Amino acid sequence: MGVTREGYVFTGGVIALYILVTVFVLLSPPLAITDTAIRLAALLGLLSLSIAVITVPFIPVMTGWLGTPFLRIHHSFACAGLLGATIHPLLYAWTVASAAVFLPLYGSWHIFFSTSGRVALPLIYLAAGAVLFRRAIPRYWRSLHLLMYLALFLAVVHGNLIGTDFSHPVVRVVFNGLALVAAGVFLFRRYRKGEFNRGNALRQNWE
1 MGVTREGYVF
11 TGGVIALYIL
21 VTVFVLLSPP
31 LAITDTAIRL
41 AALLGLLSLS
51 IAVITVPFIP
61 VMTGWLGTPF
71 LRIHHSFACA
81 GLLGATIHPL
91 LYAWTVASAA
101 VFLPLYGSWH
111 IFFSTSGRVA
121 LPLIYLAAGA
131 VLFRRAIPRY
141 WRSLHLLMYL
151 ALFLAVVHGN
161 LIGTDFSHPV
171 VRVVFNGLAL
181 VAAGVFLFRR
191 YRKGEFNRGN
201 ALRQNWE
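Heads up, the final residue of the sequence shown is numbered 207 in my numbering, and it's a clean run with no missing numbers.
Right under this line is the structure:
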């Protein structure tokens, strides 16, 4: 089965987003190469995680669109997001010569959320690790995997408060828009699960 029209539209849209973000960073006021790499890792990693999260409920549909097991592509987005989320603080820590950038700050709510990327990173690892060890923790891995939504929220808040590129309206609209879509997907999944559980309860009562 080949790629459908919807598959081409989806692929083109994703490629366009990656190109838009990359070109925006590269065309911004010139900075040191390391600074540019830090910004690219943050934005492309966040974009990859957003796409991975948003497409979860539609994996069967996407498989039909693209004519290939979309779960593999989903995992590719997740890995790219994990890579970007890792490179971003590592490069920043190297730039400022301090590992303290990995430690959460709790001086105030503003300080906490401004640096909430420090909390998001371990949550991303925990959510990703839950998939790898799902056979060892079959009852809990899905709940742990849902922490990716919280990590995404914290990362977007972090970007809005102190992100260099989030001051630009295009970047702000793109990533806040993706965050809102991710929130909608989360609510949709919770609603669908609730409907499924209620349906099972009704069938059990009927039987």
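For glycine and all other residues, C-beta sits at the position ideal for the given N, C-alpha and C. Quick caveat: nothing in here was measured; it's all calculated off a predicted structure.
Supposed close pair Leu126, Leu150 - CB separation, criterion 8 Å: 10 Å between Cβ atoms; not a contact.
Simplified DSSP state of Gly199, which is helix, strand or coil: Per-residue confidence for Gly199 stands at a pLDDT of 40, beneath the threshold of 50, marking its modelled position as unreliable; the derived number appears in the next sentence. In this structure, DSSP gives Gly199 a helical state, which the three-state scheme calls helix.
Residue burial classification, Ser167 (beta-carbon count within 10 angstroms, cutoff 16): exposed
Segment limits, alpha helix (DSSP H) that includes Ile33: Run containing Ile33: Ile33 to Ile54, per the alpha helix (DSSP H) assignment.
Buried/exposed call for Arg39, threshold 16 Cβ in 10 Å: Arg39 should be labelled buried.
Beta-carbon spacing of Ala130, Leu144 below 8 Å: Yes, the Cβ-Cβ distance between Ala130 and Leu144 is below 8 Å.
Ser98 to Val9 span [Cα, whole Å]: Spanning the two alpha carbons is a distance of roughly 44 Å.
Local Cβ density within 10 Å of Ser76, reported as buried at 16 or more and exposed below that: exposed
Touch test, the region 48–63 against the region 20–34, Cβ-Cβ under 8 Å, three pairs minimum: no
Element boundaries [alpha helix (DSSP H), containing Thr95]: First-last of the alpha helix (DSSP H) with Thr95: Phe70 to Val96.
Val3, buried or exposed, once every other Cβ within 10 Å from all chains shown has been counted against 16: exposed
CB of His116 within 8 Å of CB of Gly84, strictly: One detail in the question is off: residue 116 reads as Ser in this sequence, not His. Contact: no.
C-beta contact flag for Leu90 and Gly7 at 8 Å: no
Enclosing alpha helix (DSSP H) for Val23 [first to last residue]: In the DSSP assignment, Val23 falls within the unbroken alpha helix (DSSP H) covering Arg5 to Leu27.
Spatial distance of Ala100 from Trp94 (CA atoms): 11 Å
For Gly45, the nearest candidate out of Gly163, Trp109, Leu82 and Phe133 (CA to CA): Cα-wise, what sits closest to Gly45 is Leu82.
Sequence-distant residues of its chain with Cβ nearer than 6 Å to Phe70 (five each side left out): Ile59, Met62 and Thr63
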